[in-house]
């Protein structure tokens, strides 16, 4: 993470990129507040003289608007932005932290209800959207499981360049 901030913010060589962090307030089973001195993860970008933003990642309208604003800044200045999206933690990280459902704000459910309330979508359309992306996820998982197992030497492929100069052992 910090290596990304260093390379993105080198004076005179800034990279025009949006760095996003989804913060659900937890690191596996440890609350954010007990592990970090800053109020927001995005505050870490300030040490790199980087523009930062904190958004409500559960609100797709706010997210869309703020993304447009930050992308416009990046395109205009050629400099990076570190954006933190505050999101709900709907499930535990693993069985160690309890992988059960956590009753927090579900951004998709709230947005769906808002669209329904204003007659912008039907229940059937919502179901079709969920079904479409569920099927896409299942297909992607099946494709990944059908891929050949990588060989140990594959770790050197596509690191920076795919030729003999990519192997650090030859330096």
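Residue numbers (our numbering): -17 to 153.
We put the CB at the ideal spot given by N, CA and C, even for glycine.
Just so you know, these numbers come straight off a predicted model, no measurement behind them.
Taking one beta carbon from each stretch, the stretch 60 to 72 and the stretch 22 to 30 have 3 or more pairs nearer than 8 angstroms; the two touch. Minimum Cα-Cα distance from residue 110 among the listed residues 59, 34, 94 corresponds to 94. Taking C-alpha positions only, residue 1 is separated from residue 51 by approximately 14 angstroms. As computed with DSSP, residue 64 is found in a beta bridge with 1, 34. Annotation for residue 57: -2 place their beta carbon closer than 8 angstroms to its own, counting only its chain and skipping 5 residues before and after. By the criterion of a C-beta distance shorter than 6 angstroms, residue 36 is surrounded in its chain by 22, 24, 66, once the five residues flanking it on both sides are discounted.
Around the beta-carbon of residue 31, fewer than 16 other beta-carbon atoms lie within 10 Å, marking it exposed.
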